[in-house]
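In what follows, a single structure is set out as structure tokens and then discussed.
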Amino acid sequence: MRSTSKDDEIATDINKMVNNSTSSSILLIIASLSDVVNAAKDYYKIMGVDRKADERTIKKAYRKLAQSLHPDKHPDKQSEFVEMSEAYQVLSDSEQRSIYDRFGEEGIKRHQAGKAGGGGGGHDPFDIFRNFFGGGGGFGGQAGVRKGPTKQFEVKVNLADMYTGRRVQISFDRSAVCPTCDGSGARSRDDIHQCSACNGAGVRIVRQQIMPGFVTNAQMTCDKCGGKGKMIAHACDRCSGAKVIREDVELDVEVMPGAKEGEELLFEGESDESPDFEAGDVVVKLWSERNKNAFRRRDANLYTSIALGLDEALLGFERNITHLDDHIVTLHRRGVTQPGYVERIEKQGMPKREDWDTFGDLFVEYSVVLPDKIEGDLRKVLEKVFGRQPGAMDEKSKKDGHTEL
Ligand SMILES: [Zn+2]
Ligand SMILES: [Zn+2]
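Letter 143 of the sequence shown, counting from 1, is numbered 143 in full-length UniProt numbering, and no numbers are missing.
Structure below.
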């Protein structure tokens, strides 16, 4: 008994909603119905879209699913195809979608039942398919739907971004199926007519006289419809019959910590759209730019160089270098550092892409910069330290004909 009265309430409320009247009592009933809604089919899940998905996203999802579930290609997926078409029919219609959002599958069934009888409420899955892809609701003799070409972008990011990881945006323009005519190219469905010259076949049999007395039948592409079998009386105002429009898109590219040079990121179906084929993929190839701290990279290892003064090379030093994420690495050595010496500092390289917790190593190559001149007191001190005769080199270079610079 209780459930019957609840059902009556649903029916009344749907009618109210359709009439665009909302009241707080409806909201209360909605809240109490939430478990009924949850138990029903989830159209969003079936379409693989978010509850907030816009019209375009839903259409796109349909296009993709229809191609992978159509019984012409996948006879075993017939029931999935029908279910998906049902979900699409509801979610692509703003009135039905809002009823579904509030009252779930049960609500939408009642709404559809109320409408039926007036005729034309039908939701033949092949009708929906025909709207999208044209033709007879199937793929015809086609072995499968072609996939459009892949677009590739080379993207340069700072090496620091590959160290820390970062989200970057790339933007480009692509062709998109015209949202006004859904890719039919016509102003309305009634503007699409079967070609009268070929009766929709796209080809015509033409009698040709090869020579006097000899006549042969030849099959030719219909010149009236260009082989399409259809004629459009009034072209779509948005795309002028081209079926596609240009649109700007932005893609979020996730640069992972430790991203490799030349790493490829795949964005399926983000390339040019067309009503005649499945959208191709976008491939983003990542490269690093030389960064300000002049770290060079080889796989997971980093390389840098440091110039030491004579005193540092001889007596030891402490130096701070700023790493790619601005953390400080302190280098200190006691004693002599030979020019060209390479110090390996473990785990200060790039994060390893496969395992972010592990890092490559940092290699620091030292060079020694000698002073331009050593004169006066310093020279005297050094002569003494090294046990040289004061002024001995001056005499020798004069004798050899060299001049001290
Ligand atoms: Zn024709
Ligand atoms: Zn259009």
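C-beta: ideal position from N, C-alpha, C; glycine also.
With a cut-off of 8 Å on the beta carbons, I'd call residue i and residue j a contact; round off their distance for me.
{"i": "K352", "j": "G262", "result": "About 16 Å separates the two Cβ atoms, so there is no contact after all."}
{"i": "K228", "j": "G183", "result": "With 8 Å as the limit, K228 and G183 do not qualify as a contact, their Cβ atoms being about 13 Å apart."}
{"i": "D325", "j": "Y163", "result": "6 Å"}
{"i": "G241", "j": "G185", "result": "4 Å"}
{"i": "I108", "j": "E83", "result": "Rounded, the Cβ-Cβ distance is 13 Å, inconsistent with contact."}
{"i": "I170", "j": "V253", "result": "6 Å"}
Report yes if the CB atom of residue i is closer than 8 Å to the CB atom of residue j, and no otherwise.
{"i": "D361", "j": "N320", "result": "no"}
{"i": "C239", "j": "I232", "result": "no"}
{"i": "I328", "j": "T322", "result": "yes"}
{"i": "residue 429", "j": "T150", "result": "The requested residue 429 does not occur in the structure, where the chain is confined to residues 1 to 405."}
{"i": "H111", "j": "Q89", "result": "no"}
{"i": "L382", "j": "R297", "result": "no"}
{"i": "V255", "j": "V168", "result": "yes"}
{"i": "E86", "j": "L69", "result": "no"}
Quick check on the burial criterion: 16 or more other C-beta atoms within 10 angstroms. Buried or exposed for residue i?
{"i": "V342", "result": "exposed"}
{"i": "F103", "result": "buried"}
{"i": "K59", "result": "buried"}
{"i": "S196", "result": "exposed"}
{"i": "F295", "result": "buried"}
{"i": "S288", "result": "buried"}
{"i": "P125", "result": "buried"}
{"i": "Q389", "result": "exposed"}
{"i": "Q209", "result": "exposed"}
{"i": "G349", "result": "buried"}
{"i": "D161", "result": "buried"}
{"i": "I205", "result": "exposed"}
Which residue wins for smallest C-alpha separation from residue i, given the options the options?
{"i": "V368", "options": "K347, D355, A307 and M211", "result": "A307"}
{"i": "A201", "options": "G309, K230 and T337", "result": "K230"}
{"i": "K147", "options": "D101, E268, G340 and G309", "result": "E268"}
{"i": "Y366", "options": "L315, D372 and S305", "result": "S305"}
{"i": "R333", "options": "L314, D237, G349 and E346", "result": "L314"}
{"i": "P275", "options": "D50, Y62, V49 and K41", "result": "Y62"}
Going by DSSP, what residue range makes up the alpha helix (DSSP H) through residue i?
{"i": "I108", "result": "S94 to K115"}
{"i": "residue 411", "result": "In the structure displayed, the chain extends from 1 to 405; residue 411 sits before or after that span and is not available."}
{"i": "A61", "result": "E55 to L69"}
Locate the beta strand (DSSP E) running through residue i, then write down its first and last residues.
{"i": "R362", "result": "Before going on, a small fix: residue 362 reads as Leu here, not Arg. Residues L362 to V369."}
{"i": "D173", "result": "R166 to V177"}
{"i": "S288", "result": "V282 to E289"}
{"i": "A218", "result": "F214 to T221"}
{"i": "F317", "result": "G316 to T322"}
{"i": "A307", "result": "N301 to G309"}
Any heavy atom of ligand 4 closer than 7 Å to the Cβ of residue i?
{"i": "R246", "result": "In the structure on display, ligand 4 does not appear, and the ligands it does have are ligand 1 and ligand 2."}
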